[in-house]
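In the working numbering, the protein residues as written are 6 to 751.
All C-beta atoms, glycine included, are put in the ideal place defined by N, C-alpha and C.
All of these numbers come straight from a predicted model, not from anything done at the bench.
Since the structure comes first, as structure tokens, the remarks are kept for the end.
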């Protein structure tokens, strides 16, 4: 691994810890001092996202956004919070003797706090160590590719990089109104620490993904009885292979939805905590009529952070919250709970959408992908009820459709009275729907044998939870089991509606949008029997024995999965350029003065070089070079050429150690440049997606190479090689900006 990239990662980690945790811990220190570790953690990762989003976007809407002003705001508030602390004032205004006495007192106080905190940590040290090991394993797996190949995994990341560049230029919502929580955070890393945006887009998610795991842990702690059970679910999630195209590669990419995924878990967790723990508030000697508590505040801020991050995260948060709310309806519809909940939801929405409303007032439209999302959610297929009409004629034949009533069904139903017919038809269709979920949902989402096991455990736990609610049943299952089962079933339904579009099921979310958390919820359901068993044993078995068994259970899961060859494959990414292009671009930015060069290459370099130099898109370069006169005004010109043009957007898997994942050992698929390809007409490829980058890439790169050879003949010893390997070459030339070279071929 290159030292440069290691240092970049360290800088991002330091900036991330300051901005996400240290800044709010100091600024809101008085409020957070007596709170629990879980509360302080959740506060920082929700409130801080909302603050950064609001400050940056409102500054942009007011036309005053700049990196200098942003740094002044955040550093100024941070320093002001430190200077307001009593011990700082005393230290700055006292003599040396008082300062020594104050220093000794501070040492004693800190020692006392560390002892209390250390005792608390020591009491649960085994749990924290196992949780850290599992999360570290997942962090390595989901971020391994970013250290192996220094290129973005999908083209969308380049687009979002461009939007952050626009923030640096003082422009918000450059392509229309869109949640910019992630963009604002990365912008602040640049403004406060000077961290390269490209580096942040490459490595931020490898750090931020820890929040996804820990937030899921917080939610599952509200569900399970045994405190190690959430770790079991996370462990299974980190190691087991995933079939049916349900790759988790998006979790490794720095993208808006993935940046906000942790908020959905926190919405669910703090809604449950509020409904389970909220009490009446005493104000001025009187008891409030409504139940308010700190958990409701975090629910509100998690909701606001989800809206500020991505619309899909809000939909997911609604699904999770609604699943739990169904089993607390009696409480929710009590006025003492209902009004605070409504107020918190309204406030959370208002806080998050305030900058968006400001954009609308200024006449900005919504970004185009919002329409795409609405189109995706609005299925053109018939609804389930419409697919199999209630008043289906006797001779209707929908052979092959899983919800179709057979001729035998219709003959039996025909003999029943009118109301009975409707009831039986409904029951039969429910039966067929369950069968469809079983055969095409669970077995389609997983390999058939595993899908059967997961379905059986899910149904078994559901029936067990229903039966255990009887008053005569002594060992009752936890109430929160059923909501989790519901969430897991919803994720399978989303998968089914996407993989089987001919069924006509409503598609609320694309399955890959709910896949990451959906799989985790499914695996959590698989851990419910273990959780119930250990929770029951906890009444009679010593905790240390159960903790030891928990360690062996996690080790046993990994060993079994590894020996059976079921460890997950390494993640993949969409290859759109050689890693050498990334390294060369970074070297040029480091070595040459700002705005002194132009890079001629495919569009991927556009955003990487935007704040440092100029970029000329290579197909436009070839088109313009066919004119009579064509010049570029910078002192240096760099031309990127792939000697072996890649197959654009090919799926490429990473490689690594066997204990972390299985490697398919992908080979880069590429062609070879030639004079014959250079002689072809490039314009015939412009109608294809991505234009000349896809079908015409070999022609485009061949033409560029031939241009370089012709230019060298025209201007000898001018064009030189900056970098070359077997796949990629970078030429460069230096020119007098007052008398630039004519780059035209005429």
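Limits of the unbroken alpha helix (DSSP H) element including residue i
i, result
"residue 739", "It is not in any alpha helix (DSSP H) - residue 739 instead sits in the beta strand (DSSP E) that spans 733-739."
"residue 342", "340-366"
"residue 267", "266-282"
"residue 80", "72-88"
"residue 692", "It is not in any alpha helix (DSSP H) - residue 692 carries neither H nor E in the DSSP assignment."
"residue 66", "42-66"
"residue 702", "702-719"
"residue 205", "202-228"
"residue 166", "160-173"
"residue 536", "533-542"
"residue 177", "Note, residue 177: premise wrong, no alpha helix (DSSP H); not H, not E."
"residue 28", "28-32"
"residue 132", "130-153"
"residue 453", "453-473"
"residue 631", "From DSSP, residue 631 is part of no alpha helix (DSSP H); its letter is neither H nor E."
"residue 231", "No alpha helix (DSSP H) holds residue 231; DSSP gives it neither H nor E."
"residue 614", "610-614"
DSSP beta-bridge partners of residue i
i, result
"residue 646", "734"
"residue 605", "621, 644"
"residue 655", "580"
"residue 37", "Looking at the DSSP assignment, residue 37 forms no beta bridge with any residue, so it has no partner."
"residue 675", "651"
"residue 199", "Residue 199 pairs with nothing; no bridge assigned."
"residue 572", "245"
"residue 667", "574"
"residue 755", "This structure cannot speak to residue 755, because the chain is shown only from 6 to 751."
Terminal residues of the beta strand (DSSP E) in which residue i lies
i, result
"residue 744", "Element bounds for residue 744: n/a, residue is neither H nor E."
"residue 579", "577-580"
"residue 312", "That residue, residue 312, is in no beta strand (DSSP E); its alpha helix (DSSP H) goes 299-314."
"residue 725", "725-729"
Best match in the options for proximity to residue i [C-alpha to C-alpha]
i, options, result
"residue 611", "590, 627, 459", "590"
"residue 312", "183, 558, 246, 300", "183"
"residue 628", "578, 609, 688", "688"
"residue 3", "497, 40, 488", "Since the first residue shown for the chain is 6 and the last is 751, residue 3 is missing from the structure and cannot be characterised."
"residue 492", "143, 326, 85", "326"
"residue 726", "31, 215, 237, 641", "641"
"residue 224", "88, 44, 82, 246", "44"
"residue 48", "523, 548, 302, 370", "302"
"residue 350", "139, 334, 307, 654", "307"
"residue 552", "637, 649, 135", "135"
"residue 34", "89, 51, 78, 19", "89"
"residue 60", "733, 466, 357, 577", "357"
"residue 51", "353, 526, 729", "353"
"residue 305", "331, 278, 294", "278"
"residue 187", "133, 161, 57", "57"
"residue 215", "728, 659, 144", "144"
"residue 467", "485, 672, 11, 235", "485"
"residue 213", "19, 533, 556, 747", "19"
"residue 276", "458, 488, 264", "488"
"residue 3", "607, 341, 337", "Nothing about residue 3 can be reported from this structure: the residues present for the chain run from 6 to 751 only."
"residue 678", "55, 664, 731", "731"
"residue 548", "696, 185, 728, 132", "132"
Beta-carbon spacing of residue i, residue j below 9 Å
i, j, result
"residue 709", "residue 643", "no"
"residue 652", "residue 583", "no"
"residue 450", "residue 500", "yes"
"residue 13", "residue 194", "no"
"residue 297", "residue 309", "no"
"residue 62", "residue 363", "yes"
"residue 146", "residue 576", "yes"
"residue 702", "residue 650", "yes"
"residue 246", "residue 560", "no"
"residue 262", "residue 317", "yes"
"residue 537", "residue 461", "no"
"residue 609", "residue 163", "yes"
"residue 205", "residue 191", "yes"
"residue 573", "residue 236", "no"
"residue 165", "residue 260", "yes"
Would you call the segment 267-284 and the segment 215-230 touching, i.e. three or more CB-CB distances under 8 Å? They touch, by the three-pair rule.
Is the segment 155-172 touching the segment 17-37, taking contact as three or more C-beta pairs under 8 Å? Judged by Cβ distances under 8 Å, the segment 155-172 makes no contact with the segment 17-37, as fewer than three pairs qualify.
Would you check if the segment 62-78 and the segment 165-181 touch, i.e. whether three or more CB-CB distances between them fall below 8 Å? With the rule of 3 Cβ pairs closer than 8 Å, the segment 165-181 counts as touching the segment 62-78.
Between the segment 528-546 and the segment 223-243, do at least 3 Cβ pairs fall closer than 8 Å? Under the Cβ criterion (8 Å, minimum of three pairs), the segment 528-546 counts as touching the segment 223-243.
Count the C-beta pairs between the segment 564-571 and the segment 602-622 that are closer than 8 Å, then say yes if the count reaches three, no if not. Here the segment 564-571 does not lie against the segment 602-622, with fewer than 3 beta-carbon pairs under 8 Å apart.
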